[in-house]
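Only one structure is covered here, and it is reproduced in the block below.
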């Protein structure tokens, strides 16, 4: 026996994930949506859908009155809620309990206790869980923040008490950064969670971020009193305190440390009488000392990697627990079978601060589901809009293998076969991370990205061999297209020249170099001479396909041609990174030197936002004199606040 109808108070990939399990269990679903999400995938997947307001989350997905009305109107027996939860909403759900409505998740007490970082830290201490040194009260103002930071000792972490997902968090290394961090963190916290309270902790420099899954299934206690921890997830690859790559298990933990972390996570769950799935997050230093960070009382974004190595459906377990059933497993039943890796695919430009949001319409979208052992959790499709109102996540890409090397190799293949057009995305960064020697060896921490890319991410740096492979592939593509243009319904057009051409002399411009390339055709293959070396390039040359499998001297590569124009300019995604090339015939290349170049726009006197967003504060007015580095305005994008500063001294 289970629920007949469940309302999902969420959107995107997580809403779709819950609907899939509900369909498997025979439960009808009700989706809520904002007006801009009327055609969203989760709306189409659900049995019923109701609009609860305009685009801003505070007026739709967090519109408590509207959601409660939908529950009454549709007769939903249960509610699955994974967005930022307000205590008043939980109170409303408590009132609904008398009407037979069940919340899929822990009770109000557990959510309030663990959702408040200040209270959760005190509870963790009482449960004998290792905690980070810091101030356990509420920081009143910037002056008090500076005083507390000095007492703790720099560096410190300023974080929103009700926060999560990296929002409302700032690292401060001195008094000035503490004042600025207090201002931005409190504003972000108020905007994202409706609660601007902050706390300050000692910043653990260069740690790993490792979490233990909890739930009535992982680390949770259900009404029948049994509790399980479902092993760990390594989440150390982060940017702006937000996870980018996760894996299970961790390369770092030994069985003793894993057991100790799991037992402390269970102890905390029992202390708050937790009855559902959840996650206890820890920071782990180089000596395997671990410290409680926070407990997330919901289904985490990265839960699929745990499902892969344990074989459990966490959503199904949450629904079973909410219905009152006992856990079906004992701790000894929880395995670590194989290895799973998850990459968060975002609509972001990774070349700007490792990922500034991008908006637009997905003009072409194709998930790499044809690659073996690949799972994609997404809430979008071709034609979907990525807007400024919500998180820029496109999907969660998960690969599984019998060991870590196999899982990483499949992830590399999956990323190469992922087609996303219409918005900027972070595929290039994800691919570079998973093939980097440090990552492959398991030598990672939360500072991995700034340490590996101290000057920012620049894309894949081609070796000489890879450069020749790219040039040969681009030249072969150019010739294949020239030959196709001579065909009409598979039949050659009336020949303009008497002899059939079989060789081409080209000039290819890549980066700062111009390379002479000679191409000759032999059947379906091309022989390409680059830098005095001959390469054999073979493919089916299906130029209509967004993906092209090319074999270069026996090495298989999956490439994507992103764009091209009549002047020979083309963009090719090769080894994850998009390279811009210009391919000309030898004659055209000689004539191109006579073409005038367009002068670049002088933008030194203009402050232009690097991302779409909302202007939430302007710090200057016309006529003001400003100095280099001075704040001009604050832009809020995808719930994160960003200070825009002057690039030079001058008058506004």
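In full-length UniProt numbering, the protein residues as written are 1 to 652.
From the three backbone atoms N, C-alpha and C, an ideal C-beta is built for every residue, glycine too.
Do you know offhand how far residue 9's Cα is from residue 64's? 10 Å
Hey, residue 339 and residue 247 are a contact pair by Cβ (cut 8 Å); roughly how many whole angstroms apart? 7 Å
Sorted by chain position, which residues of the same chain lie with C-beta nearer than 8 Å to residue 421's C-beta, five sequence neighbours on each side aside? 362, 363, 364, 365, 546 and 562
Rounded to whole angstroms, how far is the Cβ of residue 645 from the Cβ of residue 635, which I believe are closer than 8 Å? Not a contact, Cβ separation roughly 11 Å.
Consult DSSP for residue 58 and reduce its assignment to one of helix, strand or coil. helix
Residue(s) in a DSSP beta bridge with residue 375: 398
Member of 400, 81, 6 and 34 whose CA lies at the smallest distance from the CA of residue 46: 6
Nearest candidate by alpha-carbon position, reference residue 334, set 271, 398 and 262: 262
Taking the beta strand (DSSP E) that residue 548 falls in, what are its first and last residues? 548-552
Based on DSSP bridge pairs, tell me the residues matched to residue 51. 33
Expressed to the nearest angstrom, what Euclidean distance is found between the alpha-carbon atoms of residue 328 and residue 609? 53 Å
Three-state secondary structure assigned by DSSP to residue 175: helix
Using the C-alpha atoms, what's the distance from residue 32 back to residue 50? 5 Å
Segments of 3+ residues assigned as beta strand (DSSP E) that fall wholly inside the region 495-543: 503-510, 513-522, 525-530 and 533-539
8 Å Cβ shell around residue 16 - same chain, five flanking residues per side excluded: 41, 42, 45, 377, 378 and 379
What did DSSP end up calling residue 291 once you bin it into helix, strand or coil? strand
Environment of residue 4 [buried if 16+ CB atoms lie within 10 Å]: exposed
Expressed to the nearest angstrom, what Euclidean distance is found between the alpha-carbon atoms of residue 551 and residue 436? 23 Å
Kindly indicate which three-state DSSP category residue 19 falls into: helix, strand or coil? helix
Assess, as a yes-or-no matter, whether the region 470-481 is touched by the region 515-531 under the definition of 3 or more beta carbon pairs within less than 8 Å. yes
How far does the alpha helix (DSSP H) with residue 266 in it reach, from first residue to last? 255-271
Out of 109, 183 and 431, which one is the CA nearest neighbour of residue 141? 183
Is it right to say residue 597 is buried, meaning 16 or more other beta carbons lie within 10 angstroms of its own, or is it exposed? exposed
Is it true that the region 396-412 meets the region 302-317, where meeting means three or more beta-carbon pairs spaced less than 8 Å apart? yes
Tell me which same chain residues have a C-beta within less than 6 Å of the C-beta of residue 426, skipping the five on either side of it? 346, 348, 350 and 355
Residue 558 to residue 385, Cα distance in whole Å? 27 Å
Assigned secondary structure, residue 351 (DSSP; H/G/I helix, E/B strand, else coil): coil
What is the rounded straight-line gap between the Cα of residue 178 and the Cα of residue 159? 11 Å
Within 10 Å of its beta-carbon, does residue 359 have 16 or more other beta-carbons around it, so buried, or fewer, so exposed? buried
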